[in-house]
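Pasting the structure below:
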């Protein structure tokens, strides 16, 4: 599971003001920092510690993740779509890297 | 979201009563519909089959686990299927070829392949699983290194190829040159292994539907493999599952890819004849 890749499912169209369901999944080992390797050395912690979804620059949902969250974290939530625009999803890793996904949505 | 029957089961445990736990955790009547396509998960057994009814392992899982398989986005296996899709078109080895160079679109060329696995290979004069075919392509046509059995790269590719047969019935050939492997597989299936002296049949034929401690026993069908298991959050191959089961009997196990496991795979595949391929499935 070397590769970290986000997956996002957003409908391509919605009515103005409609509440839509959004699903996200990112492949990530979520190494807790509690485990040891075969020679007894601790395996350093490496988890996604923050997830943020925003729409046209406005935050929709954000979550802080802790080491107990299992690998390949999955989020499903609802959002109201007042206008056409773009969803931005960001996952922040312990090493500071940010994985991003974008999805456009039309009205009508 | 407790169901009445679940409450009852928990109440019974609280009283310290020893009950053979009812199958309260799974909706056994539900139909499996993946992306709008209905799967055959209950098949009437043919004459001479050891089971009365052939049942997919999906039936025995909890409502939540069952739900994960009904949508390809929710199904975490697809992380690995996507990786394999990339590997499919990636050139590797001395010959400068990828899988795609010879086989083109995986959705076209690999349709139905998984449903007939494992099968007797006339040229090699041996029973081959999908993994054997993949490695023979890698070493001979691509001149690349073979992949190890039951490891991430291999399991993902098996899942990608298996997905192209989803919804098709399991139909392995057990006559002709395959008959001897079938017989050997059957013998392994009914042999008691390990300190616990358990055969496959003790759990998966005599006791499916019952609880073995906290686990709801299925018939041990392999129509959904490789399967994403929630317990180790990765794809698990057929042979890795065989190994796990035999290890749990406290026995020395055969190795993934061994002749014994390929024979067992053929026999177990035959026990699931007619079930829809569910690859890649989700299990506990």
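Chains as they are written, first to last, in the numbering used here: chain P, -9 to 98; chain H, 4 to 287. C-beta atoms are modelled at their ideal positions from N, C-alpha and C, and glycine is treated no differently.
Taking 8 Å as the threshold (beta carbon to beta carbon), is residue 230(H) in contact with chain P?
Position 227 of the second chain holds residue 230(H). Answer no: the Cβ-Cβ gap between residue 230(H) and chain P never drops below 8 Å.
Let's test the definition: count the other Cβ atoms within 10 Å of the Cβ of residue 78(H) and tell me whether it reaches 16, buried, or not, exposed.
Taking the first residue of the second chain as 1, we reach residue 78(H) at position 75. Flag for residue 78(H) reads buried.
Name the residues in the segment 45 to 73 of chain P whose C-beta lies less than 9 Å from a C-beta of chain H; which are they?
60, 61, 62, 64, 66
Apart from the five residues just before and just after residue 67(P), which ones in its own chain have a Cβ nearer than 7 Å to its Cβ?
As a first step, residue 67(P) must be located in the first chain, where it is residue number 77. Its chain contains 12, 51 as the residues whose beta carbon lies nearer than 7 Å to that of residue 67(P), once the 5 sequence neighbours on both sides are disregarded; these appear in chain order.
Pairs of beta-carbons, one from the segment 124 to 135 of chain H and one from the segment 263 to 277 of chain H, closer than 8 Å: are there three or more?
In this structure the segment 124 to 135 of chain H touches the segment 263 to 277 of chain H; the number of beta carbon pairs closer than 8 Å is three or more.
Among the candidates 88(P), 81(P), 82(P), 74(P), whose CA atom is the shortest distance from the CA of residue 2(P)?
Translated into the one-based positions of the first chain, residue 2(P) becomes position 12. Per the Cα distances, 74(P).
Nearest-angstrom Cα distance between residue 27(H) and residue 235(H)?
The sequence position of residue 27(H) within the second chain is 24, counting from 1. The sequence position of residue 235(H) within the second chain is 232, counting from 1. With a pLDDT of 49 at residue 27(H), under the threshold of 50, the predicted position of this residue should be treated as unreliable, though the coordinate-derived value follows. Their backbone Cα atoms lie some 24 Å apart in a straight line.
Rank 166(H), 189(H), 170(H) by C-alpha distance to the C-alpha of residue 177(H) and give the top, closest one.
Against the second chain, residue 177(H) aligns to sequence position 174. Cα-wise, what sits closest to residue 177(H) is 189(H).
State whether the segment 247 to 257 of chain H contacts the segment 105 to 115 of chain H, with contact taken as three or more CB pairs (one from each stretch) at a distance under 8 Å.
No: fewer than three Cβ pairs fall under 8 Å.
By the DSSP assignment, the alpha helix (DSSP H) with residue 89(H) in it spans what residues?
Walking along the second chain from the start, residue 89(H) turns up at place 86. 80 to 91 is the extent of the alpha helix (DSSP H) around residue 89(H).
Could you name each continuous beta strand (DSSP E) segment of 3 residues or more that falls completely within the segment 148 to 182 of chain H, going from the start of the chain to the end?
none
Which residues, taken in chain order from the segment 66 to 79 of chain H, show a beta carbon closer than 8 Å to some beta carbon of chain P?
76, 77, 79
Can you tell me whether residue 20(P) is buried or exposed, with buried defined as 16 or more other CB within 10 angstroms of its CB?
As a working note, residue 20(P) is residue 30 in the first chain. That one is buried.
Within the same chain, show all residues whose beta-carbon is closer than 8 Å to that of residue 14(P), passing over the 5 residues directly before and after it, in chain order.
Residue numbering aside, residue 14(P) sits at position 24 when the first chain is read from its first letter. Excluding residues within five positions, the ones whose Cβ falls inside 8 Å are -4, -3, -2, -1, 41, 43, 64, 65, 66, 79, 91.
Is it buried or exposed, residue 194(H), if we count other Cβ atoms within 10 angstroms and call 16 or more buried?
By 1-based counting over the second chain, the position of residue 194(H) is 191. Residue 194(H) is exposed by the Cβ-count criterion.
Is it true that the CB of residue 30(P) sits closer than 8 Å to the CB of residue 57(P)?
Counting from one through the first chain, the residue named residue 57(P) turns up at place 67. Counting from one through the first chain, the residue named residue 30(P) turns up at place 40. Against a cut-off of 8 Å, the Cβ pair of residue 30(P) and residue 57(P) comes out as no contact.
Going along chain H in order, which residues have a C-beta closer than 9 Å to the C-beta of residue 15(P)?
Along the first chain, read from residue 1 onward, the residue named residue 15(P) stands at position 25. For a Cβ distance threshold of 9 Å, residue set 76, 77, 79, 81, 82 of chain H lies close to residue 15(P), ordered along the chain.
What is the rounded straight-line gap between the Cα of residue 205(H) and the Cα of residue 159(H)?
Mapped onto the second chain, residue 205(H) falls at position 202. Mapped onto the second chain, residue 159(H) falls at position 156. The straight-line gap from Cα to Cα measures roughly 31 Å.
Just to confirm before moving on: does the CB-CB distance between residue 116(H) and residue 283(H) stay below 8 Å?
On the second chain, position 113 is the one that residue 116(H) refers to. On the second chain, position 280 is the one that residue 283(H) refers to. Cβ distance not < 8 Å, so residue 116(H) and residue 283(H) don't count as in contact.
Using DSSP with H/G/I as helix, E/B as strand and the rest coil, what is residue 124(H)?
Mapped onto the second chain, residue 124(H) falls at position 121. Residue 124(H): strand per DSSP, three-state reduction.
Please give the ranges of any beta strand (DSSP E) in the segment 210 to 252 of chain H, keeping only runs that are unbroken, at least 3 residues long and fully inside the region.
230 to 232, 237 to 239
Under a three-way DSSP split, which group does residue 271(H) fall into?
On the second chain, position 268 is the one that residue 271(H) refers to. Residue 271(H) falls in the helix class under three-state DSSP.
So which of 150(H), 142(H), 113(H), 60(H) has the shortest CA-CA distance to residue 232(H)?
Residue numbering aside, residue 232(H) sits at position 229 when the second chain is read from its first letter. Residue 60(H) is the option with its Cα nearest to residue 232(H).
Helix, strand or coil: which one does DSSP assign to residue 117(H)?
For the purposes of this step, residue 117(H) is identified with residue 114 of the second chain, where counting begins at 1. Three-state DSSP puts residue 117(H) in a helix.
Can you name the residues of chain P whose CB is closer than 7 Å to the CB of residue 146(H)?
Here residue 146(H) is taken as the residue at index 143 of the second chain, counted from 1. Simply none; closest approach about 24 Å.
Between residue -9(P) and chain H, is any beta-carbon pair separated by less than 8 Å?
Within the first chain, numbered from 1, the residue matching residue -9(P) stands at position 1. Since pLDDT at residue -9(P) reaches only 45, below the 50 mark, its modelled position is unreliable, and no value is offered.
Taking 8 Å as the CB-CB cut-off, is residue 236(H) touching chain P?
Walking along the second chain from the start, residue 236(H) turns up at place 233. Answer yes: the Cβ-Cβ gap between residue 236(H) and chain P drops below 8 Å somewhere.
Could you round the C-beta distance between residue 226(H) and residue 275(H) to whole angstroms and report it? I think they count as a contact, below 8 Å.
Counting from one through the second chain, the residue named residue 226(H) turns up at place 223. Counting from one through the second chain, the residue named residue 275(H) turns up at place 272. About 5 Å separates the two Cβ atoms, so the contact holds.
Could you name the residues of chain H that residue -1(P) contacts, counting a contact when the two beta carbons are closer than 7 Å?
Reading the first chain from its first residue, position 9 is the one you call residue -1(P). Chain H residues near residue -1(P): 76.
Return the CA-CA distance between residue 16(P) and residue 85(P), expressed in angstroms with no decimal places.
By 1-based counting over the first chain, the position of residue 16(P) is 26. By 1-based counting over the first chain, the position of residue 85(P) is 95. Distance between the alpha carbons of residue 16(P) and residue 85(P): 16 Å.
One question on the structure: do residue 163(H) and residue 87(H) come within less than 8 Å of each other, judged by their Cβ atoms?
Translated into the one-based positions of the second chain, residue 163(H) becomes position 160. Translated into the one-based positions of the second chain, residue 87(H) becomes position 84. Yes, they are a contact pair.
Express the C-alpha separation of residue 45(P) and residue 7(P) in angstroms, rounding to a whole number.
Position 17 of the first chain holds residue 7(P). Position 55 of the first chain holds residue 45(P). Distance between the alpha carbons of residue 7(P) and residue 45(P): 13 Å.
Within its chain, find whatever has a CB closer than 6 Å to the CB of residue 207(H); leave out the 5 residues flanking it on each side and keep chain order.
Residue mapping note: residue 207(H) aligns to position 204 of the second chain, counting from 1. Contacts found: 222, 223.
Given that a residue counts as buried once 16 or more other Cβ atoms are within 10 Å of its Cβ, and exposed if not, what is residue 98(P)?
Taking the first chain and counting its residues from 1, one reaches residue 98(P) at position 108. Under this definition residue 98(P) is an exposed residue.
Looking only at C-alpha atoms, which of 165(H), 277(H), 265(H), 196(H) sits nearest to residue 228(H)?
For the purposes of this step, residue 228(H) is taken as residue 225 along the second chain, with counting starting at 1. Of the listed residues, the one whose Cα sits closest to residue 228(H) is 165(H).
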